[in-house]
Amino acid sequence: MFMEFSAGLMPLETALTQMLSRITPLTAVETLPLVNCFGRILATDIVSPLDVPGFDNSAMDGYAVRMADLSADKPLPVAGKAFAGQPYQGEWPAGTCIRIMTGAPVPTGCEAVVMQEQTEQTDDGVRFTADVRCGQNIRRRGEDIRQDAVVFPAGTRLTTAELPVLASLGIADAQVVRKVRVALFSTGDELQLPGQPLEAGQIYDTNRLTIHLMLQQL
104 MFMEFSAGLM PLETALTQML SRITPLTAVE TLPLVNCFGR ILATDIVSPL DVPGFDNSAM
164 DGYAVRMADL SADKPLPVAG KAFAGQPYQG EWPAGTCIRI MTGAPVPTGC EAVVMQEQTE
224 QTDDGVRFTA DVRCGQNIRR RGEDIRQDAV VFPAGTRLTT AELPVLASLG IADAQVVRKV
284 RVALFSTGDE LQLPGQPLEA GQIYDTNRLT IHLMLQQL
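Quick note: the sequence shown, position 93, residue 196 per my numbering, numbers continuous.
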């Protein structure tokens, strides 16, 4: 593509290159609570302090079972219940199942969770109406995030996608790069601030607002 430039002007790419070569990256860091970190840039890697999930838990409302207890193909009595925040306590008798809710820790020895839609209630207990696969509907400890894994590298912009993840790791604040300081002004005798009456030959200044809003995204 052939392009002509007026005398004294330079191509845009050249101007950008020269401008960027004169910019010194920000190194100043500040620590802020997560609620104040939206849109900010991480200054350091975020390393997970724990496994997510922190324990094996149920992915469904249903029944925790052991595969050996299903071999008789008969209803299983319900030995107890497990809720999120309230795990099943005590011994788990053989030949029984445990009512379990989504997010509840699976009882020791649990090999599968059968979703309640694949069960029937009988006078003798719970009958399972579909094949049960070992490990089904169990979320394993650390399967989402492993302890000591880098969750977000330095340079990541923190948004509504990243900040809740940090909160789920128990992180209350983050180190972010200090925002740039910018002096912004508009010049021109023809410019007037919005809200003020226009004099002859004047127009309202829209560039100042546009640039201000764009700078807020940096």
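The beta carbon of each residue, even a glycine, is placed where N, CA and C say it ideally should be.
I'd like to know whether the C-beta atoms of residue i and residue j end up nearer to each other than 8 Å.
i      : j      : result
Pro180 : Pro208 : no
Val279 : Leu135 : yes
Tyr166 : Val216 : yes
Ser396 : Asp308 : A query on residue 396 cannot be resolved here, the shown segment of the chain reaching from 104 to 321 and no further.
Arg123 : Arg281 : Just to set this straight, residue 123 is Leu in the shown sequence, not Arg. No, the pair does not count as a contact, with Cβ atoms beyond the cut-off.
Gly206 : Trp195 : no
Leu173 : Val229 : no
Pro178 : Thr225 : yes
Pro156 : Ala185 : no
Ile314 : Leu287 : yes
Asp46  : Ser151 : With the chain covering 104 to 321 only, the question about residue 46 has no answer from this structure.
Asn240 : Met204 : no
Thr222 : Phe141 : no
Decide if residue i is buried, meaning its Cβ has at least 16 other Cβ atoms within 10 Å, or exposed.
i      : result
Ile201 : buried
Glu265 : buried
Leu269 : buried
Asp161 : The question names Asp, yet the displayed sequence has Ser at residue 161. Classification for Ser161: buried.
Ala303 : exposed
Ile126 : exposed
Val254 : buried
Val283 : exposed
Ala175 : exposed
Ala182 : buried
Leu321 : exposed
Cys237 : exposed
Val285 : exposed
Which whole-angstrom value is the C-beta distance of residue i and residue j, which I expect to be below 8 Å?
i      : j      : result
Arg249 : Asp159 : That belief does not hold up - the Cβ atoms of Arg249 and Asp159 are roughly 15 Å apart, past 8 Å.
Arg260 : Ile144 : 6 Å
Met170 : Glu214 : 5 Å
Leu272 : Leu153 : 6 Å
Thr117 : Ala257 : Contact flag wrong, Cβ pair sits at about 30 Å.
Any idea which residues DSSP pairs residue i with across the strands?
i      : result
Phe231 : Thr222
Pro208 : Asn160
Val280 : Val132
Ala118 : Looking at the DSSP assignment, Ala118 forms no beta bridge with any residue, so it has no partner.
Ile314 : For Ile314, which the question treats as bridged, DSSP gives no partner whatsoever.
Arg202 : Tyr166 and Lys184
Ala303 : Beta-bridge pairing links Ala303 to no other residue.
Ala215 : Val168
Arg242 : Asn160
Check your understanding: Considering only residues of the segment 126-195, which uninterrupted alpha helix (DSSP H) runs meet the minimum length of 4 residues and lie entirely inside it, listed in chain order?
Key -> With a minimum length of 4 residues, the unbroken runs of alpha helix (DSSP H) contained wholly in the segment 126-195 fall at 170-173.
Practice item. Give, in chain order, every unbroken run of the alpha helix (DSSP H) that is at least 4 residues long and sits entirely within the segment 247-296. Key: 266-271
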